[in-house]
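**Q** Quick one: structure below, then a few questions.
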Amino acid sequence: MTKLYEPSLPKLMEAIATEASGMRGMDRRNFLKGGIAAVAGLSSVQMIPKANASANLPPNLPEWQSYLGRGVVAKPYGDPSEFEDLQRRTVPWLTADAASSISMTPLQDLEGIITPSGVVFERYHGGIPNVNPDQHRLIIHGLVERPLVLTMEDLKRFPTVSEIRFIECPANGGMEWRGAQMEALQFTHGMLSCCEWTGVRLSTLLEEVGVKPEGKWILAEGADAAGMSRSIPLEKALDDTIIAWGQNGEALRPEQGYPLRMLNPGWEGNTSVKWLRRLEIGDQPWHHREETSKYTDLMPDGRARRFTYEQECNSVVTSPCPENPLQKRGFVEIRGYAWSGRGKIKAVDLSFDGGVNWQRAELDDLVLSKALTQFRFKTQWNGEPWLLQSRAIDETGYVQPTLKQLRDERGGWSIYHKNSIHTWNVTESGDVFNVQIS
Amino acid sequence: MFKSLNLGVAAIALAMSGAVSAGPLGIGSTATAEMIAGWDIDIRPDGTGLPEGQGSVADGEGLYEAKCASCHGLFGEGAGRWPVLAGGEGTLDTLHPEKTVGSYWPYASTLWDYIHRAMPYPAPQSLTDDEVYAISAYVLYLNDIVDEDFVATKESFAQVKMPNEPNFYIDNRPDVQNTRCMEDCADPSEFTIVATVNGVTPTGHFKEDSGVAANHYGGDEPKAAAVEVALSDAATAGQAVYDKACQACHNMGIAGAPKVGDAGAWVDRIATGMESLHSNAINGYQGPNGVMPAKGGNMSLSDDEVKNAVAYMVESSR
Numbered sequence: 001m002t003k004l005y006e007p008s009l010p011k012l013m014e015a016i017a018t019e020a021s022g023m024r025g026m027d028r029r030n031f032l033k034g035g036i037a038a039v040a041g042l043s044s045v046q047m048i049p050k051a052n053a054s055a056n057l058p059p060n061l062p063e064w065q066s067y068l069g070r071g072v073v074a075k076p077y078g079d080p081s082e083f084e085d086l087q088r089r090t091v092p093w094l095t096a097d098a099a100s101s102i103s104m105t106p107l108q109d110l111e112g113i114i115t116p117s118g119v120v121f122e123r124y125h126g127g128i129p130n131v132n133p134d135q136h137r138l139i140i141h142g143l144v145e146r147p148l149v150l151t152m153e154d155l156k157r158f159p160t161v162s163e164i165r166f167i168e169c170p171a172n173g174g175m176e177w178r179g180a181q182m183e184a185l186q187f188t189h190g191m192l193s194c195c196e197w198t199g200v201r202l203s204t205l206l207e208e209v210g211v212k213p214e215g216k217w218i219l220a221e222g223a224d225a226a227g228m229s230r231s232i233p234l235e236k237a238l239d240d241t242i243i244a245w246g247q248n249g250e251a252l253r254p255e256q257g258y259p260l261r262m263l264n265p266g267w268e269g270n271t272s273v274k275w276l277r278r279l280e281i282g283d284q285p286w287h288h289r290e291e292t293s294k295y296t297d298l299m300p301d302g303r304a305r306r307f308t309y310e311q312e313c314n315s316v317v318t319s320p321c322p323e324n325p326l327q328k329r330g331f332v333e334i335r336g337y338a339w340s341g342r343g344k345i346k347a348v349d350l351s352f353d354g355g356v357n358w359q360r361a362e363l364d365d366l367v368l369s370k371a372l373t374q375f376r377f378k379t380q381w382n383g384e385p386w387l388l389q390s391r392a393i394d395e396t397g398y399v400q401p402t403l404k405q406l407r408d409e410r411g412g413w414s415i416y417h418k419n420s421i422h423t424w425n426v427t428e429s430g431d432v433f434n435v436q437i438s
Numbered sequence: 439m440f441k442s443l444n445l446g447v448a449a450i451a452l453a454m455s456g457a458v459s460a461g462p463l464g465i466g467s468t469a470t471a472e473m474i475a476g477w478d479i480d481i482r483p484d485g486t487g488l489p490e491g492q493g494s495v496a497d498g499e500g501l502y503e504a505k506c507a508s509c510h511g512l513f514g515e516g517a518g519r520w521p522v523l524a525g526g527e528g529t530l531d532t533l534h535p536e537k538t539v540g541s542y543w544p545y546a547s548t549l550w551d552y553i554h555r556a557m558p559y560p561a562p563q564s565l566t567d568d569e570v571y572a573i574s575a576y577v578l579y580l581n582d583i584v585d586e587d588f589v590a591t592k593e594s595f596a597q598v599k600m601p602n603e604p605n606f607y608i609d610n611r612p613d614v615q616n617t618r619c620m621e622d623c624a625d626p627s628e629f630t631i632v633a634t635v636n637g638v639t640p641t642g643h644f645k646e647d648s649g650v651a652a653n654h655y656g657g658d659e660p661k662a663a664a665v666e667v668a669l670s671d672a673a674t675a676g677q678a679v680y681d682k683a684c685q686a687c688h689n690m691g692i693a694g695a696p697k698v699g700d701a702g703a704w705v706d707r708i709a710t711g712m713e714s715l716h717s718n719a720i721n722g723y724q725g726p727n728g729v730m731p732a733k734g735g736n737m738s739l740s741d742d743e744v745k746n747a748v749a750y751m752v753e754s755s756r
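Those protein sequences? They're chains Y and C, same order as listed.
Each residue of the first sequence is one higher than the last, beginning at 1 in the working numbering.
Each residue of the second sequence is one higher than the last, beginning at 439 in the working numbering.
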């Protein structure tokens with residue numbers, strides 16, 4: 001009996017008949033009574049012409065109120081409403097192949113600080129491996145007293161933690177270093193998500209294996225086709241690194257490293273190695289491809305920074321934005337996110353004139369370390385053009401820089417770690433454009 | 439982070455001594471030497487991890503052309519958006535820096551490690567150690583870092599010095615710090631407002647009823663969905679093979695590969711007959727129009743799997 005909610009009389013009759021034929025006596029009589037009552041309601045609904053959208057508006061009875069809705073466990077794992085269209089999207093010309101590419105989170109459509117697991121941004125270097133958790137192993141070896149191989153069951157026996165932390169690709173905004181390119185928030189800032197992560201602290205696992213005194217670095221390696229590998233200083237591992245299997249209340253999604261990933265809170269996303277199969281403790285870094293050829297920051301003098309791990313304090317207005325233009329004059333609440341890889345957000349300021357004058361925005365109550373923080377600002381808009389900016393300050397006192405300040409220091413070719421103040425040009429029509437002020 | 443590394447090490451020593459007194463929880467099993475040996479594939483700049491074996495520049499040339507050139511170009515120049523491997527010396531401080539193995543990579547060991555763990559792109563960890571030595575040697579040769587008679591071995595490879603190594607330094611951020619000025623912080627008469635480059639943003643997701651015309655932004659409109667083609671059983675089976683092993687080149691048209699769905703690019707090829715297409719796909723092909731590595735570089739595919747993939751591509755491209 002799965003079709004009761006569907007407003008089609010013949011199908012409904014058929015469904016009721018099928019269901020009733022498997023029943024006996026009183027069950028059957030009671031069931032038919034309920035079913036026929038539903039059909040009676042339905043037929044009156046069908047008198048209303050479907051083309052008339054106002055049929056569901058007051059003072060009319062909305063169609064969906066006039067018959068029974070879907071029952072429990074019709075969908076044991078639920079989906080968003082069919083009227084919603086929350087989607088990751090990519091910029092096709094960015095990369096050569098979808099298995100080594102990136103997609104962005106629809107920040108313009110999100111509510112609150114948690115990114116739904118299905119739209120967390122994706123970054124793969126060799127596609128998503130289809131890992132069977134029963135056959136997945138984590139090996140910890142190298143400069144340790146007791147090299148261990150751990151099953152998923154083993155891992156879940158350790159003391160656990162659950163923490164809300166953002167994860168951001170260091171190339172977020174990277175297309176904008178040399179000029180405004182992307183006419184949409186999803187593409188200027190969408191390599192950013194924030195989830196609740198559950199797992200065991202890496203420090204707990206390191207106590208279990210016993211790191212030898214000369215051990216100072218950890219190689220983390222994935223079980224994907226790229227064999228993703230990054231060198232992590234032991235200092236970070238002992239601070240707050242999580243070896244996670246949970247995400248937003250359930251197992252990690254395959255896209256986020258099912259069944260096991262590293263999570264280095266506040267650090268560039270690439271270090272949070274997914275599909276984690278191996279941790280090797282060594283006395284020096286490995287200088288692998290993703291920490292030499294890539295994920296190093298080229299400076300204007302031709303030299304390059306390496307091990308640029310932290311995601312510095314950043315913020316962006318998510319409404320209005322190019323996808324969310326202003327449509328009505330009068331009251332408007334400006335909304336956006338701020339985040340810092342160095343800790344909590346202390347304050348966010350807004351400017352409507354391109355950074356000449358600033359006013360303090362309100363922060364939501366939930367201000368967590370290394371997590372998205374929501375800010376809001378209530379104002380009026382009456383068709384005047386804005387150069388709308390947000391500027392975040394974190395608990396270390398660091399103030400989000402201007403694009404000019406970043407470019408003066410780093411030039412335009414470093415690809416990574418662009419955390420400058422962003423500008424939306426809100427026009428008289430309410431349309432919103434991505435611009436840069438130089 | 440790194441400025442306080444020494445402090446961090448002191449803290450580690452304390453943490454570890456605390457751990458010893460607490461004692462391990464006794465969870466998990468011993469990782470045996472045999473288990474570790476199979477997975478411990480990493481190579482370090484000092485040569486740690488390099489296996490026995492050898493490969494010359496001459497050995498590498500043929501391997502490179504068969505397994506690498508279709509994406510990276512015959513001379514390492516790169517095809518489409520696939521990585522450029524050679525050239526770019528002296529460009530890093532210019533307006534058009536080209537970061538290649540020769541111009542940018544600080545360590546040769548990274549080349550061995552990465553080729554071994556992740557290449558060829560459709561068939562990772564399929565190369566023998568000798569093949570990795572040979573291809574690594576050839577890529578170094580393409581960058582004028584070794585001579586044409588160079589033979590890469592555990593010993594000789596660890597001796598290779600890369601020219602750009604001294605130009606890397608540890609993260610020194612925060613390098614830029616704004617001040618929290620609240621009033622008269624900038625002179626608007628000095629502003630230059632730079633607008634977005636037009637037409638490069640996919641804007642298909644802009645809400646149609648938002649009151650803003652999507653085409654206002656000049657971006658790509660979503661293309662009409664391709665007409666569904668009824669596939670044969672072979673082609674249906676071949677689609678999975680295509681997704682795994684062929685689409686890297688045949689989706690975008692890399693290295694002269696005919697794009698799937700591009701009937702114009704396929705019509706003459708289809709006219710040569712399925713036998714000829716099968717032979718080129720299985721054995722490889724090199725001609726004026728492009729390079730096709732044998733089985734797309736994925737030798738683990740059976741001949742039948744390759745034939746199914748060809749069927750999928752042909753039936754989708756008529």
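For each residue, glycine too, the CB sits at the ideal point set by N, CA and C.
#1: At 3 residues or longer, what runs of the beta strand (DSSP E) sit wholly inside the segment 218–273 of chain Y?
#2: Terminal residues of the continuous beta strand (DSSP E) containing T423 of chain Y?
#3: Count Cβ pairs between the segment 163–171 of chain Y and the segment 600–619 of chain C that sit closer than 8 Å; are there 3 or more?
#4: Please report the straight-line C-alpha distance between V435 of chain Y and V316 of chain Y, rounded to a whole angstrom.
#5: With 9 Å as the limit, tell me which residues of the segment 66–77 of chain Y have their beta carbon closer than that to any beta carbon of chain C; keep them in chain order.
#6: Please decide whether I623 of chain C counts as near chain Y, where near means a Cβ-Cβ distance under 9 Å.
#7: Give a yes or no on whether 9 Å exceeds the smallest Cβ distance from V665 of chain C to chain Y.
#8: Of the choices Y:V72, Y:N56 and Y:G112, whose alpha-carbon is the least far from that of L368 of chain Y?
#9: Given R360 of chain Y, which residues of its chain have a CB within under 7 Å of its CB, disregarding the five upstream and five downstream residues?
#10: Going by other Cβ atoms of all chains shown within 10 Å of its Cβ, with 16 needed for buried, is D497 of chain C buried or exposed?
#11: Applying the criterion that 16 or more other CB atoms from any shown protein chain within 10 Å of the CB defines a buried residue, is H534 of chain C buried or exposed?
#12: Of the choices Y:P80, Y:G142, Y:R157 and Y:S100, whose alpha-carbon is the least far from that of G464 of chain C?
#13: Would you report the Cα separation of Q389 of chain Y and N130 of chain Y, rounded to the nearest angstrom?
#14: Pick helix, strand or coil for W520 of chain C, following the three-state DSSP scheme.
#15: Which residues does DSSP pair with K378 of chain Y in a beta bridge?
#16: Taking C-beta pairs closer than 8 Å, name the residues in chain C that I128 of chain Y reaches, listed in chain order.
#17: On the three-state DSSP scale, how would you describe D439 of chain Y?
#18: If you drop the 5 nearest sequence neighbours on each side, which residues of the same chain put their C-beta closer than 8 Å to that of S319 of chain Y?
#19: For G173 of chain Y, count neighbouring Cβ atoms within 10 angstroms of its own Cβ and tell me buried if that reaches 16, exposed if not.
#20: For chain C, find out if any of its Cβ atoms is closer than 9 Å to the Cβ of W245 of chain Y; answer yes or no.
#21: Could you check whether the Cβ of G466 of chain C sits closer than 9 Å to any Cβ belonging to chain Y?
#22: Does the segment 208–227 of chain Y come within contact of the segment 282–290 of chain Y, defined as at least 3 CB pairs closer than 8 Å?
#23: P601 of chain C: which of Y:L326, Y:R303, Y:S81 and Y:Q186 sits nearest, CA to CA?
#24: Just verifying my parser: in three-state terms, what is the DSSP assignment at M104 of chain Y?
#25: Since N605 of chain C meets chain Y, which of its residues come closer than 7 Å, beta carbon to beta carbon?
#26: What residue ranges within the segment 474–509 of chain C form continuous alpha helix (DSSP H) runs of no fewer than 4 residues, ordered along the chain?
#27: Decide yes or no for the touch test of the segment 727–740 of chain C against the segment 678–697 of chain C: beta carbon pairs closer than 8 Å, at least 3 of them.
#28: Which two residues bound the contiguous beta strand (DSSP E) that contains Q405 of chain Y?
#29: Report the residue from Y:L366, Y:D353, Y:K378 and Y:W358 whose alpha carbon sits nearest the alpha carbon of I631 of chain C.
#30: As a quick exercise: from Y:K75, Y:V73 and Y:I128, pick the residue whose alpha carbon is nearest that of S100 of chain Y.
#31: Find the residues of chain C that neighbour G341 of chain Y, judging by a C-beta separation of less than 9 Å, and give them in chain order.
#32: Short of 8 Å in beta carbon distance, which residues of its chain neighbour I48 of chain Y, apart from the five on each side in sequence? Order them along the chain.
#33: Beta strand (DSSP E) containing H141 of chain Y: first to last residue?
#34: Given a cut-off of 9 Å, decide if D531 of chain C and I481 of chain C are closer than it, judged by their beta-carbon atoms.
#35: Which whole-angstrom value describes the C-beta separation of V614 of chain C and P170 of chain Y, a residue pair presumed to lie in contact below a C-beta threshold of 8 Å?
#36: Give the single residue among C:A471, C:D609 and C:S547 whose Cα lies nearest to the Cα of S574 of chain C.
**A** On the basis of the supplied data:
#1: 229–233, 242–247 and 261–263
#2: Sequence index remark: in the first sequence, residue 423 of chain Y carries index 423 (1-based). Its beta strand (DSSP E) spans residues T423 to V426.
#3: no
#4: Looking up residue 435 of chain Y in the first sequence gives position 435. Looking up residue 316 of chain Y in the first sequence gives position 316. V435 of chain Y and V316 of chain Y: Cα-Cα distance of roughly 13 Å.
#5: none
#6: Counting from one through the second sequence, the residue named residue 623 of chain C turns up at place 185. As written in the sequence, residue 623 of chain C is Cys, which differs from the Ile given in the question. Closer than 9 Å to some Cβ of chain Y, the Cβ of C623 of chain C qualifies, so yes.
#7: Locating residue 665 of chain C in the second sequence gives position 227, where the first residue counts as 1. For V665 of chain C, the predicted structure reports a pLDDT of 42, less than 50, and the residue's modelled location is therefore unreliable. The matter cannot be settled from this model.
#8: Mapped onto the first sequence, residue 368 of chain Y falls at position 368. Answer by Cα proximity: Y:G112.
#9: The residue given as residue 360 of chain Y occupies position 360 in the first sequence. Contacts found: A347 and D349.
#10: If you number the second sequence from 1, residue 497 of chain C lands on position 59. Buried is the call here.
#11: In the second sequence, counting from the first residue as 1, residue 534 of chain C sits at position 96. That one is exposed.
#12: Indexing the second sequence from 1 puts residue 464 of chain C at position 26. It is Y:R157.
#13: Residue numbering aside, residue 389 of chain Y sits at position 389 when the first sequence is read from its first letter. Residue numbering aside, residue 130 of chain Y sits at position 130 when the first sequence is read from its first letter. Going by the C-alpha atoms only, they are around 42 Å apart.
#14: Against the second sequence, residue 520 of chain C aligns to sequence position 82. Three-state DSSP puts W520 of chain C in coil, outside helix and strand.
#15: Here residue 378 of chain Y is taken as the residue at index 378 of the first sequence, counted from 1. In the DSSP output, where bridge partners are listed per residue, K378 of chain Y has Y:E333.
#16: Position 128 of the first sequence, counting from 1, holds the residue named residue 128 of chain Y. Chain C residues near I128 of chain Y: none, gap ~12 Å exceeds 8 Å.
#17: Any property of residue 439 of chain Y remains undetermined from this structure, which presents chain Y solely from 1 to 438.
#18: Translated into the one-based positions of the first sequence, residue 319 of chain Y becomes position 319. Closer than 8 Å at the Cβ level, and outside the excluded window around S319 of chain Y, lie Q108, E333, I334, R335 and G336.
#19: Here residue 173 of chain Y is taken as the residue at index 173 of the first sequence, counted from 1. The residue in question, G173 of chain Y, is buried, as its Cβ has 16 or more Cβ neighbours within 10 Å.
#20: In the first sequence, the residue the question calls residue 245 of chain Y occupies position 245. Chain C, which has no Cβ nearer than 9 Å to the Cβ of W245 of chain Y, makes this no.
#21: Here the question's residue 466 of chain C lines up with position 28 in the second sequence. By this cut-off, G466 of chain C is an interface position.
#22: yes
#23: Residue 601 of chain C sits at position 163 when you count from the first residue of the second sequence. The shortest Cα separation from P601 of chain C among Y:L326, Y:R303, Y:S81 and Y:Q186 belongs to Y:R303.
#24: Here residue 104 of chain Y corresponds to residue number 104 of the first sequence, with the count starting at 1. Correct three-state label for M104 of chain Y: strand.
#25: Counted from its first residue, the second sequence places residue 605 of chain C at position 167. The contacting residues are G302, R303 and A304.
#26: 495–505
#27: yes
#28: Here residue 405 of chain Y is taken as the residue at index 405 of the first sequence, counted from 1. Segment L403 to R410 is the alpha helix (DSSP H) holding Q405 of chain Y; no beta strand (DSSP E) there.
#29: Within the second sequence, numbered from 1, the residue matching residue 631 of chain C stands at position 193. Out of Y:L366, Y:D353, Y:K378 and Y:W358, Y:D353 has the C-alpha closest to the C-alpha of I631 of chain C.
#30: Within the first sequence, residue 100 of chain Y is the residue found at index 100, counting from 1. Residue Y:I128 is the option with its Cα nearest to S100 of chain Y.
#31: For this step, residue 341 of chain Y is matched to residue 341 along the first sequence. Near G341 of chain Y there are no residues of chain C at all, since even the closest Cβ is about 10 Å away, more than 9 Å.
#32: Numbered from its first residue, the first sequence carries residue 48 of chain Y at position 48. With a pLDDT of 42 at I48 of chain Y, under the threshold of 50, the modelled position of that residue is not reliable, and no figure is offered here.
#33: Residue mapping note: residue 141 of chain Y aligns to position 141 of the first sequence, counting from 1. First-last of the beta strand (DSSP E) with H141 of chain Y: L138 to G142.
#34: In the second sequence, the residue the question calls residue 481 of chain C occupies position 43. In the second sequence, the residue the question calls residue 531 of chain C occupies position 93. Against a cut-off of 9 Å, the Cβ pair of D531 of chain C and I481 of chain C comes out as no contact.
#35: Position 176 of the second sequence, counted from the first residue, corresponds to residue 614 of chain C. Position 170 of the first sequence, counted from the first residue, corresponds to residue 170 of chain Y. So it is not a contact: roughly 16 Å between Cβ atoms.
#36: Taking the first residue of the second sequence as 1, we reach residue 574 of chain C at position 136. Closest by alpha carbon: C:S547.
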